[in-house]
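In numbering that gives the first Met the number 0, the protein residues as written are 0 to 148.
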Amino acid sequence: MSFFLPKLQTKKDIDHIIKTVAERVLVLRFGRDQDPVCLQLDEILSKTAHDLSKMAAIYLVDVDSVPIYTRYFDISYIPSTVFFFNGQHMKVDYGSPDHTKFVGCFKTKQDFIDLIEVIFRGAMRGKLIVHSPIDPRNIPKYDLLYHGI
Numbered sequence: 000m001s002f003f004l005p006k007l008q009t010k011k012d013i014d015h016i017i018k019t020v021a022e023r024v025l026v027l028r029f030g031r032d033q034d035p036v037c038l039q040l041d042e043i044l045s046k047t048a049h050d051l052s053k054m055a056a057i058y059l060v061d062v063d064s065v066p067i068y069t070r071y072f073d074i075s076y077i078p079s080t081v082f083f084f085n086g087q088h089m090k091v092d093y094g095s096p097d098h099t100k101f102v103g104c105f106k107t108k109q110d111f112i113d114l115i116e117v118i119f120r121g122a123m124r125g126k127l128i129v130h131s132p133i134d135p136r137n138i139p140k141y142d143l144l145y146h147g148i
């Protein structure tokens with residue numbers, strides 16, 4: 000399903016999209032096209048892309064093609080989904096130690112839709128961090144890995 004969503008191949012492409020997507024949530028899915036969990040997430044993203052087109056722009060980023068952003072966002076688990084609004088990195092409190100990205104796949108399309116709506120409404124009110132509407136049982140659990148400490 001990943002062939003239905005636009006892909007960003009270079010740092011320049013990502014920088015351009017972050018700067019130019021206005022008044023919508025920018026969703027960047029970091030992962031690999033061959034990974035089964037990424038394909039599962041891509042299916043959810045592609046099925047909701049049309050419904051959320053007025054609120055969100057969804058792009059796929061291969062972690063191997065832009066290692067600078069992979070390191071910057073500390074993408075150690077894939078898929079990882081990062082959100083922006085008007086060039087500002089949006090953070091979400093999922094009840095986990097990391098608020099900068101969603102790690103793993105959403106359980107349902109509705110979880111993703113609800114999250115985008117909350118981020119959009121919060122961003123329109125000037126908030127930089129919002130509380131996740133997703134049921135904590137539907138949020139994948141993981142441990143943070145710190146390299147070189």
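For each residue, glycine too, the CB sits at the ideal point set by N, CA and C. Keep in mind that this is a model prediction, so the values were computed, not measured.
Beta-carbon spacing of K108, S79 below 7 Å: no
Proximity test, Cβ basis, 7 Å: G94 and chain C: This model lacks chain C altogether, as it is built from one protein chain only.
Simplified DSSP state of H146, which is helix, strand or coil: With a pLDDT of only 49 at H146, under the threshold of 50, the placement of this residue in the model should not be trusted, and no figure is reported.
Rounded distance between the beta-carbons of P139 and G103, thought under 8 Å: 3 Å
Nearest-angstrom Cα separation, counted from R31 out to T47: 20 Å
DSSP state of Y76 mapped onto helix, strand, coil: coil
At least 3 beta-carbon pairs within less than 8 Å: the region 108–120 vs the region 60–79: Fewer than three pairs of CB atoms, one per stretch, sit closer than 8 Å, so the region 108–120 makes no contact with the region 60–79.
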